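For reference, the structure is listed below as structure tokens.
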Amino acid sequence: MKSIILCEGGTDLTLIQYFMEKVNGWRYELNRTRHNSSKLSCFKQRKIFIKEDKILEIGATGGCSEIPKCFSKILNSQRIGSNSEERYENIVIITDNDEIDTFDNMKTTLEKLFNEHSITIENNIVNDSWINCTCENGAQDIINFRVLLLIIPFDEEGALETFLLKAIASNDEYDNEIIEKGNDFVETVDPQKIYLSKRRYVTKAKLDVYFSIRTPVDQFTERQNILKSINWEDYEYIRNSFKKLREL
């Protein structure tokens, strides 16, 4: 079985990677990642993972606006792939819930792409719910696969960074206070929105402020160490939101 997860950026890829490794038992294959000659050239960063006889790819597209382009290329490859090894049985899209109409816009985009690539879907597009898809390849064989849309977090506007901070805050009272103070600072520090001009920038800044306090020296290395050391399996909020990823 071969699956792929599309996400926005490198930070998102890292968070998903550590979750899949620690909670779901996937193993990162550095050499396979380096030497794999995928026909999909739309990723800014891509990693490959192995679990038993299954393969998982996680690709960072470089932003929310780039996800539809990569998804379109994947749908095209599903139809023209000459053998099953070139196709994905599961395609997951993970994107930030950083605008009021994020879901509606993504739903419209997916419907348009399914139609353009002659993909038939058996059920409605719903957040956190598998979409069963069918199409014909060039040899007129029937191809079946699934698509999962995860707009994170489910219950509020935010991003994967918001998602992570909320999980940490819910697990540690002291860190919760630091996160709350940092969030208040970011919300008020730039009232004219000269620097934090987009909601996305505000979200990123909140995570950066937290990590600046946790790791005031050698930030990059220490930040990676913190993410690696998180007991992802203990964070109920994260486990519940990512529970369908166990099915890959």
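Taking my numbering, I'd label the letters of the sequence shown as residues 268 to 515. Glycine residues also receive a C-beta, built at the ideal position from the N, C-alpha and C atoms. Please read all numbers here as calculations on a predicted model, not as lab measurements.
As assigned by DSSP and simplified to three states, the class of residue i
i, result
"residue 508", "helix"
"residue 484", "coil"
"residue 355", "coil"
"residue 399", "strand"
"residue 462", "coil"
"residue 270", "strand"
"residue 449", "helix"
"residue 408", "coil"
"residue 265", "No statement about residue 265 is possible, as the shown extent of the chain runs from 268 to 515 and does not include it."
"residue 414", "strand"
"residue 363", "strand"
"residue 419", "strand"
"residue 386", "coil"
Residue from the options with nearest C-alpha to residue i
i, options, result
"residue 285", "515, 494 and 509", "494"
"residue 396", "453, 308, 418 and 498", "418"
"residue 297", "313, 382 and 371", "313"
"residue 372", "432, 416 and 352", "416"
"residue 505", "445, 481, 322 and 436", "436"
"residue 429", "440, 463 and 474", "474"
Extent of the continuous alpha helix (DSSP H) to which residue i belongs
i, result
"residue 340", "334 to 347"
"residue 382", "369 to 383"
"residue 436", "427 to 438"
Cutoff 6 Å; reference residue i; Cβ partners in own chain excluding five residues on either side
i, result
"residue 331", "275 and 362"
"residue 377", "392"
"residue 322", "269"
N-terminal and C-terminal residue of the beta strand (DSSP E) that residue i is part of
i, result
"residue 312", "312 to 318"
"residue 289", "No beta strand (DSSP E) holds residue 289; the alpha helix (DSSP H) holding it covers 277 to 289."
"residue 296", "It is not in any beta strand (DSSP E) - residue 296 carries neither H nor E in the DSSP assignment."
"residue 323", "321 to 327"
Same chain, Cβ closer than 7 Å to residue i, five either side skipped, listed in chain order
i, result
"residue 380", "335, 338, 339 and 342"
Close Cβ partners of residue i (< 8 Å) along its chain, the five nearest in sequence each way excluded
i, result
"residue 309", "326, 328, 333, 336, 337 and 340"
"residue 294", "288, 316, 317 and 318"
Below-8 Å beta-carbon distance, residue i vs any chain B residue
i, result
"residue 394", "In the displayed structure, chain B is absent; only one protein chain is listed."
(request) Answer yes if the region 355 to 363 comes into contact with the region 334 to 342, meaning at least three C-beta pairs across the two stretches below 8 Å, and no otherwise. (result) yes
(message) Three Cβ pairs or more, each shorter than 8 Å: is that satisfied between the region 374 to 393 and the region 441 to 460?
(response) no
(request) Determine, using beta-carbon pairs with one atom in the region 463 to 480 and one in the region 397 to 416, whether at least three such pairs fall under 8 Å. (result) In the pairwise beta carbon analysis, the region 463 to 480 is classified as not touching the region 397 to 416: fewer than three pairs are separated by under 8 Å.
(request) Kindly confirm or deny that the region 365 to 380 and the region 272 to 285 touch, where touching means at least three C-beta pairs closer than 8 Å. (result) no
(message) Does the region 478 to 485 come into contact with the region 452 to 461, if we say contact requires no fewer than three beta-carbon pairs (one atom in each stretch) closer than 8 Å?
(response) no
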